[in-house]
């Protein structure tokens, strides 16, 4: 049984950098499902018309169509209950929800400042005008002016990572002894940076760095093998 | 069956302001255990000699002595498994651990800047020299110089609360539909401020404010009834 996933790609179709799509690719591997990914660009809105909206990830599983990484994780646990749970029980669901909001509101906002101009250079040329116009409107600045220095990135990330670092000194994964959807939510933010930028967002040897290494190794190095567009 | 809890108190013995003791008081109420609290001050180190260390919370349950709020929560779940769980399963434990590190590293560090000089005035006179010397050594500044303005407090807290706010827009408690130990870990930080200071740390009507109201109402208003030393 192979599912299909629409997956954000760059000019190089092998570069797949969406943090939300990474959550789903890790979740599918966790469930042991084979996936065929379809390279998709921001401006390919028509290709997603069947999903009733215009953003990835979009999952096709037989006749079922599900969009949004959170909805996909819930769908997978409901549809494949005999495979390892992504969110275990009410408290496991709450953990994943806390982790995804931390990933978006704390990590994502800092990482976006660190890589936004780098992302522009990774994009397929047909996406560049869309990306620049939509993001510059949102941030109220030119991409190049908004992006912070490598030194500032590491300083801000060190601060943003403080609760995650403390957690990972106590336990090997965000989810505890074994990784699950809370880990994939946080890890997506790291893959977004890794696939698009040379910005260093965590110091070597940090507890978070050690965790990221473990995550890169999961599922036969699924994430580690993914090409980066960074120089 | 009544357990005993050594609980940090101010000059007014009814003022009980330790964030770690609040975690335990809420946890004991969650378990439906009656508790006799014993007012304790920072300099009463000898009174805790039986516990092998010098910090509260310390719980006495019959012949058992347990210190440290996390160890106490684990002890309560293990000893009273038929009562509502504080941490449900491996992922529930991970959630509580993430919440406590967020409470300490993110909320606690901001709140400490907002209230540290206020705490000094709440203390029993015999604790004041100890508190001033130990805290000023740690922060490298006078308490009064370190404490930030009320305006700066609200700005920094609004930022620090962002992942919690997003979470609480989705679900009524940190733990999901019902409160448990992850909620009590975060709530302890709010009680620390409430019992010692008039600093406003969350805007009325914010999703976090609404959650704090629900927490203050739990267990017949256990926390709401607790006296504040703030002017």
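Residue numbers (the numbering used here), protein chains in the order written: chain A, 1 to 231; chain B, 1001 to 1231.
By construction, the Cβ of each residue, glycine as well, lies at the ideal position given by its N, Cα and C atoms.
CB contact check: residue i to chain B, cutoff 9 Å
i                      : result
residue 88 of chain A  : yes
residue 187 of chain A : no
residue 94 of chain A  : yes
residue 48 of chain A  : no
residue 164 of chain A : yes
residue 106 of chain A : yes
residue 174 of chain A : yes
residue 31 of chain A  : no
residue 78 of chain A  : no
residue 177 of chain A : yes
Expected contact under 8 Å - CB spacing of residue i and residue j to nearest Å
i                       : j                       : result
residue 122 of chain A  : residue 229 of chain A  : 4 Å
residue 1159 of chain B : residue 1113 of chain B : The Cβ separation is near 13 Å, so there is no contact.
residue 186 of chain A  : residue 107 of chain A  : 7 Å
residue 33 of chain A   : residue 3 of chain A    : 6 Å
residue 1008 of chain B : residue 1018 of chain B : 4 Å
residue 1188 of chain B : residue 1016 of chain B : Not really, about 11 Å apart at Cβ, beyond 8 Å.
residue 115 of chain A  : residue 135 of chain A  : With a Cβ gap of about 11 Å, residue 115 of chain A and residue 135 of chain A do not count as contacting.
residue 227 of chain A  : residue 14 of chain A   : 5 Å
residue 172 of chain A  : residue 214 of chain A  : 7 Å
Best match in the options for proximity to residue i [C-alpha to C-alpha]
i                       : options                           : result
residue 11 of chain A   : A/205, A/142, A/136 and A/118     : A/118
residue 1175 of chain B : B/1125, B/1131, B/1089 and B/1081 : B/1089
residue 219 of chain A  : A/78, A/203 and A/184             : A/184
residue 1084 of chain B : B/1179, B/1142 and B/1053         : B/1179
residue 41 of chain A   : A/6, A/203, A/107 and A/92        : A/6
residue 1166 of chain B : A/76, A/33 and A/94               : A/94
residue 1067 of chain B : B/1087, B/1021, B/1149 and B/1194 : B/1021
residue 1199 of chain B : B/1013, B/1151 and B/1045         : B/1151
residue 1155 of chain B : B/1062, B/1058 and B/1111         : B/1111
residue 138 of chain A  : A/194, A/14 and A/109             : A/109
residue 1046 of chain B : B/1058, B/1215, B/1212 and B/1035 : B/1058
residue 1025 of chain B : B/1120, B/1069, B/1194 and B/1211 : B/1069
residue 1177 of chain B : A/91, A/172, A/87 and A/207       : A/91
residue 1144 of chain B : B/1157, B/1120 and B/1161         : B/1120
residue 1132 of chain B : B/1043, B/1053 and B/1075         : B/1043
residue 1062 of chain B : B/1086, B/1036 and B/1087         : B/1036
residue 1099 of chain B : A/213, A/168, A/226 and A/217     : A/168
residue 102 of chain A  : B/1080, B/1161 and B/1204         : B/1161
residue 38 of chain A   : A/80, A/52 and A/60               : A/60
Cβ-based burial, residue i [other Cβ within 10 Å; buried from 16]
i                       : result
residue 1125 of chain B : exposed
residue 1232 of chain B : The requested residue 1232 of chain B is not part of the displayed model; chain B covers only 1001 to 1231.
residue 1 of chain A    : exposed
residue 1196 of chain B : buried
residue 221 of chain A  : exposed
residue 1163 of chain B : buried
residue 142 of chain A  : exposed
residue 64 of chain A   : exposed
residue 1224 of chain B : exposed
residue 1129 of chain B : exposed
residue 1182 of chain B : buried
residue 1077 of chain B : buried
residue 96 of chain A   : buried
residue 73 of chain A   : buried
residue 50 of chain A   : exposed
residue 31 of chain A   : buried
residue 994 of chain B  : Residue 994 of chain B lies beyond the residue range present for chain B, which begins at 1001 and ends at 1231; the question has no answer from this structure.
residue 127 of chain A  : buried
Where residue i falls: helix, strand or coil (DSSP)
i                       : result
residue 3 of chain A    : strand
residue 148 of chain A  : coil
residue 173 of chain A  : strand
residue 37 of chain A   : strand
residue 997 of chain B  : Nothing can be reported for residue 997 of chain B: it is not among the residues displayed for chain B, which extend from 1001 to 1231.
residue 1087 of chain B : coil
residue 1117 of chain B : helix
residue 1155 of chain B : helix
residue 1106 of chain B : helix
residue 1183 of chain B : helix
residue 60 of chain A   : strand
residue 1095 of chain B : helix
residue 202 of chain A  : coil
Within-9 Å CB hit, residue i to chain A
i                       : result
residue 1180 of chain B : yes
residue 1101 of chain B : yes
residue 1190 of chain B : no
residue 1113 of chain B : no
residue 1098 of chain B : yes
residue 1126 of chain B : no
residue 1170 of chain B : yes
residue 1091 of chain B : yes
Per-residue contacts from residue i into chain E (C-beta, under 7 Å)
i                      : result
residue 167 of chain A : No chain E appears in this structure, whose protein chains are A and B.
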